[in-house]
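Step one of this worksheet: look at the structure below.
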Amino acid sequence: MALISKGRIKGLDLKKEFRIRSMKPYSSFASPLAESLADKECFPYDSVPNFPVSTVPGHRGQLVFGLLDGVPVMCMQGRFHYYEGYPICKCAMPIRVMKMVGINYLIATNAAGGLNEKYKVGDIMIIKDHVNFLGFAGVNPLRGPNDERFGPRFPAVSRAYDAKLRAAAMRIGKEMGIGHQIQEGVYTCLGGPSFETVAELAAMKILGIDAVGMSTTYEVIVACHSGMTVFAFSLITNKCVTTYDEEVMPNHEEVIQTGKENEEVLKAFVSRIVQHITQNS
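Here full-length UniProt numbering is used: the first residue of the sequence shown is 1, the next is one more, and so on.
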């Protein structure tokens, strides 16, 4: 979800002029939030010039403009992953579209496997930092000629996740009575689509990684490059398989199911965060 100042994207004919304040990239559990928006306008990705198309089950593939408790927002129902075959810069292209229509705040969500042994399925991990393994291999969304319209050649991302919004989210979680579900930790993005091996997870533990997914980091890097304020969290949808004798294997179905089970609390959590941003910006 993102917070912007204009309601018109070049190539789209929006019937209403919104002063959009926030943008939310879609995760496997976020579709109901977009569905609940009032006064909404939907634009399939294939109607947007040069936009990729979502191929992941459960991702509808459209931009949704509307009101979340009276606050104008823009949601992505369907994000793009490196494993779908798109270049990483194409996966992150929607963030630049958001910036071009005036978005200043990005709320990024994802479904992730819990690597931290203290985490439980259904926990919400506020992301305080990330390890971008794709970047280790030179797969960075900013690779190539720099576009000065968005930001500098060498942007700093050491404070990618806004500390004030993280603190506010922790407080909001406690006020909602879900403080026991709120964690704060380090997220990593892998290329996918295969899940992690036991040995890979052991290496990640040494690096201090708490949750593992296949998205978000490249979006956040582009958002930081563009000067956007970022808040992000992971819904822990499964526990990572860290030993060779575990019988239950990771699968996409449990990701979808855990998302459905937590729909209402996540909708309320995000709505409260959006209200906080609106009141304090």
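Just so it is clear, CB atoms sit at the ideal spot from N, CA and C, and this is done for glycine as well.
Handout entry: Neighbourhood of LYS239 by C-beta, 6 Å cutoff - its chain only, sequence neighbours within 5 removed
Key = Here residue 239 refers to the residue found at position 239 when the sequence shown is read from its first residue. The residues are GLY114.
Problem - Buried/exposed call for GLY70, threshold 16 Cβ in 10 Å - result: Your numbering for residue 70 matches position 70 in the sequence shown. Result: exposed.
Problem - Residues near PRO141 by beta carbon distance below 6 Å, same chain, minus five either side - result: As a first step, residue 141 must be located in the sequence shown, where it is residue number 141. Excluding residues within five positions, the ones whose Cβ falls inside 6 Å are ILE88, CYS89, ALA92, TYR218, ILE221, VAL222.
Exercise for the section: Leaving out five residues on either side along the sequence, give the residues of the same chain with a beta carbon under 7 Å from the beta carbon of LEU207. Expected result: Stepping through the sequence shown from its first residue, residue 207 is reached at position 207. Result list for LEU207: VAL131, in chain order.
Problem - Beta-carbon separation (whole angstroms), GLN183 vs TYR119, contact threshold 8 Å - result: Taking the sequence shown and counting its residues from 1, the one referred to as residue 183 is at position 183. Taking the sequence shown and counting its residues from 1, the one referred to as residue 119 is at position 119. With 8 Å as the limit, GLN183 and TYR119 qualify as a contact, their Cβ atoms being about 6 Å apart.
Exercise for the section: Between the Cα of GLU246 and those of GLU264, TYR187, VAL198, LYS267, spot the shortest distance and give me the residue it belongs to. Expected result: Taking the first residue of the sequence shown as position 1, residue 246 is located at position 246. The shortest Cα separation from GLU246 among GLU264, TYR187, VAL198, LYS267 belongs to VAL198.
Handout entry: Reduced DSSP secondary structure (H/G/I, E/B, other) of SER226
Key = Here residue 226 is taken as the residue at index 226 of the sequence shown, counted from 1. If DSSP states are grouped into helix, strand and coil, SER226 belongs with coil.
Handout entry: Status (buried if at least 16 other CB within 10 Å, exposed otherwise) for ASP123
Key = Taking the first residue of the sequence shown as position 1, residue 123 is located at position 123. Under this definition ASP123 is a buried residue.
Problem - Chain-order list of residues whose beta-carbon lies under 6 Å from that of PRO52 (same chain, five-residue window excluded) - result: Residue mapping note: residue 52 aligns to position 52 of the sequence shown, counting from 1. Excluding residues within five positions, the ones whose Cβ falls inside 6 Å are PHE80, TYR86, LYS90.
Problem - Counted within 10 angstroms of its Cβ, other Cβ atoms place ILE95 as buried (16 or more) or exposed - result: Start at 1 with the first residue of the sequence shown, and residue 95 comes out as number 95. By the neighbour-count rule (16 or more Cβ atoms within 10 Å), ILE95 is buried.
Problem - Whole-angstrom distance between ILE127 and LYS164, CA atom to CA atom - result: Looking up residue 164 in the sequence shown gives position 164. Looking up residue 127 in the sequence shown gives position 127. Roughly 13 Å between the two C-alpha positions.
Practice task
Measuring alpha carbon to alpha carbon, tell me which of GLY191, ASN50, LEU106 ends up nearest ILE277.
Solution key: For the purposes of this step, residue 277 is identified with residue 277 of the sequence shown, where counting begins at 1. It is LEU106.
Handout entry: C-alpha gap between ASP46 and GLY135, whole angstroms
Key = One-based indexing of the sequence shown puts residue 46 at position 46. One-based indexing of the sequence shown puts residue 135 at position 135. Their Cα atoms are separated by approximately 29 Å.
Problem - Contact under 7 Å by Cβ, ASP129 with VAL48 - result: Residue numbering aside, residue 129 sits at position 129 when the sequence shown is read from its first letter. Residue numbering aside, residue 48 sits at position 48 when the sequence shown is read from its first letter. Taking 7 Å as the Cβ cut-off, ASP129 and VAL48 do not qualify as a contacting pair.
Problem - Rounded Cβ spacing between SER234 and GLY213 (contact assumed at less than 8 Å) - result: Working through the sequence shown from its first residue, we reach residue 234 at position 234. Working through the sequence shown from its first residue, we reach residue 213 at position 213. Right, their Cβ atoms sit about 6 Å apart.
Problem - ILE103 - DSSP class collapsed to helix/strand/coil - result: Taking the first residue of the sequence shown as position 1, residue 103 is located at position 103. The answer is coil: DSSP assigns ILE103 none of H, G, I, E or B.
Exercise for the section: Please work out which residues of its chain come closer than 7 Å, Cβ to Cβ, to VAL265, disregarding the five sequence neighbours upstream and downstream, and give them in chain order. Expected result: Numbered from 1 along the sequence shown, position 265 holds the residue referred to as residue 265. Once the five neighbours on either side are set aside, the close Cβ partners of VAL265 are ILE178.
Problem - Spatial distance of ASN50 from VAL97 (CA atoms) - result: Position 50 of the sequence shown, counting from 1, holds the residue named residue 50. Position 97 of the sequence shown, counting from 1, holds the residue named residue 97. Cα to Cα, the separation comes out at about 11 Å.
Practice task
Would you mind listing the beta strand (DSSP E) stretches within the region 26 to 85 that are 3+ residues and don't spill past its ends, in chain order?
Solution key: 38 to 44, 62 to 68, 71 to 77
Problem - Beta-carbon proximity check, ASN110 vs ASP210, cutoff 7 Å - result: The count along the sequence shown starts at 1 and reaches residue 110 at position 110. The count along the sequence shown starts at 1 and reaches residue 210 at position 210. Against a cut-off of 7 Å, the Cβ pair of ASP210 and ASN110 comes out as no contact.
Exercise for the section: Please go through the same chain and pick out, in chain order, the residues whose beta-carbon is closer than 7 Å to the beta-carbon of VAL157, but skip the five residues on each side of it. Expected result: Along the sequence shown, one-based indexing puts residue 157 at 157. ILE221, CYS224, listed in sequence order.
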